[in-house]
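Heads up, the thing below is written out as structure tokens.
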Amino acid sequence: MAEHKHAQTIRRYFAACNEGDYDKLVSCFTPDAVHYFPAGLPDVPWRSADTIARKWVWCVENLGSQWTIDKILVSHDSDEAVIEWTHWKSKLGTALRGDEWYIFDRDSGLISEIRAFYASPADKNVAINELVDFDYAGRGYHLEPQSRGDQA
1 MAEHKHAQTI RRYFAACNEG DYDKLVSCFT PDAVHYFPAG LPDVPWRSAD
51 TIARKWVWCV ENLGSQWTID KILVSHDSDE AVIEWTHWKS KLGTALRGDE
101 WYIFDRDSGL ISEIRAFYAS PADKNVAINE LVDFDYAGRG YHLEPQSRGD
151 QA
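Just so we're aligned: 28 in full-length UniProt numbering is position 28 of the sequence shown, and the numbers increase by one with no gaps anywhere.
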């Protein structure tokens, strides 16, 4: 069975990241794509295919970044996928593991949004560890704990 088109796009995106290829990176995204990150990075979220591509090229050139995909799951009934990845930073001698949630544009099949989640310690300087500038309320996320009887 052939790999799902969204999984193919994610693999193409990671190959472009590892090559540090600006044009290939841009070709994976809608022009207005957004890449959300947890607190701690400067200038997040990254807004636009151009910005996302430039930032990853910088990481390859300056950090020796290379990425591996550890798992991919593609939704059977929506234009979404989730992956686990490892970001290897050879010039720093470190690595970071995490997950990303992908939203794909229905018409073009390109990535329109990525939400990154890190498998690392929480930032103790913020009250709520969450993605910077992500519209949790507008997307229907819980904004406070649910009472024991209301948990879903």
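All residues carry an ideal CB built from backbone N, CA and C; glycine is no exception.
Bear in mind the structure is a predicted one, so any value in this text is a computation, not a measurement.
Check, Outcome
"Can you give me the C-alpha to C-alpha distance between LYS55 and HIS4, rounded to a whole angstrom?", "27 Å"
"Check TYR13 in the structure and name its three-state DSSP category.", "helix"
"Please identify the residue among PHE117, GLU144, SER112 and GLY140 whose C-alpha is closest to the C-alpha of VAL34.", "SER112"
"Count Cβ pairs between the region 58-66 and the region 77-84 that sit closer than 8 Å; are there 3 or more?", "no"
"Tell me the start and end of each unbroken alpha helix (DSSP H) in the UniProt domain \"SnoaL-like\" (10-113) that is at least 4 residues and wholly inside, in chain order.", "22-26 and 49-63"
"Report the three-state DSSP secondary structure of ALA7 (helix, strand or coil).", "helix"
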